[in-house]
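See structure below.
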Amino acid sequence: MITNLIALWSRQGGPAATANHLVALTDQDPGFTYPLPIAARAWLEASQPRQAEQTIRRMFTLLPGSSLPYREAASFYLLVDRPSEAISTATDGIAQFPADPDLHLLQARASLQLGDREAAIRSFDEALRLRPDDQLAAAQLARLLVTARKDSGSRARALALVHDLQFDQPSDEEVLTAIGEVGQLARQIDAAQRPR
């Protein structure tokens, strides 16, 4: 139903009007925070980034005992290319909700944007430990293990992750791309290290 309303509001008044309507839904029922991330994106589309950030941060007030505001805020900061704030938000969330794998994934993505591949490896590794069937975390970790590290142990672990992923027959394009890249890079490294 909300999807239909969003389309209607967007046609009638554009992204700012859509954002206002979505925020009004939460005003009517403060426990209903689902519209807020959508409203924040609508504010961005309306070129009102400050309003977008205020909307997403409102979730902290409405859901004080949940990891969801941290996830949504970190995702928002990644969307607007503010990885330092994404890391800070994810780290704050992890301090309160250490078993939330999505917060570790967001921390890893932000670390990658900042060029800290070792921090990203640690975060992807923790996300995978918390949710062993997370194909995206496994694919990203495998990719980093062969691109950021040169030791045979990391390469072997990357190949083991890829083998497990292939066994699961993933359909996600990003996972499939990572599987191909890891296999190709591992072969190139092996060829370069063979004695001539």
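Quick note: the sequence shown uses my numbering, first residue 80, plus one each step. Note that beta-carbon positions come from the ideal geometry of N, C-alpha and C, so glycine has one too. Nothing here was measured: the structure is a model prediction, and the numbers come from that model.
Start and end residues, alpha helix (DSSP H) containing G144: Start at 1 with the first residue of the sequence shown, and residue 144 comes out as number 65. Where G144 is concerned, there is no enclosing alpha helix (DSSP H), given that its DSSP letter is neither H nor E.
Buried or exposed by the 16-neighbour rule on C-beta atoms within 10 Å, applied to A239: Counting from 1 along the sequence shown, the entry for residue 239 is found at position 160. Classification of A239: exposed, given that the 10 Å Cβ count is below 16.
CB contact flag (T105, A119, <8 Å): Along the sequence shown, one-based indexing puts residue 105 at 26. Along the sequence shown, one-based indexing puts residue 119 at 40. Cβ atoms of T105 and A119: not closer than 8 Å.
DSSP state of P162 mapped onto helix, strand, coil: Translated into the one-based positions of the sequence shown, residue 162 becomes position 83. DSSP places P162 in helix when its eight states are reduced to three.
For Q267, three-class secondary structure by DSSP: For the purposes of this step, residue 267 is taken as residue 188 along the sequence shown, with counting starting at 1. Reduced to three states, the DSSP call for Q267 is helix.
Distance, I117 Cα to D181 Cα: On the sequence shown, position 102 is the one that residue 181 refers to. On the sequence shown, position 38 is the one that residue 117 refers to. Straight-line Cα distance between these residues: approximately 19 Å.
Under the three-state DSSP convention, the category L212 falls into: The sequence position of residue 212 within the sequence shown is 133, counting from 1. The amino acid at residue 212 is misidentified as Leu; the sequence shows Asp. Here D212 sits in coil by DSSP.
Through-space distance from L191 to F203, alpha-carbon basis: Within the sequence shown, numbered from 1, the residue matching residue 203 stands at position 124. Within the sequence shown, numbered from 1, the residue matching residue 191 stands at position 112. For F203 and L191, the distance between alpha carbons rounds to 11 Å.
A98 vs W122 beta-carbon contact at 8 Å: Reading the sequence shown from its first residue, position 19 is the one you call residue 98. Reading the sequence shown from its first residue, position 43 is the one you call residue 122. Their beta carbons are under 8 Å apart, which means A98 touches W122 by this criterion.
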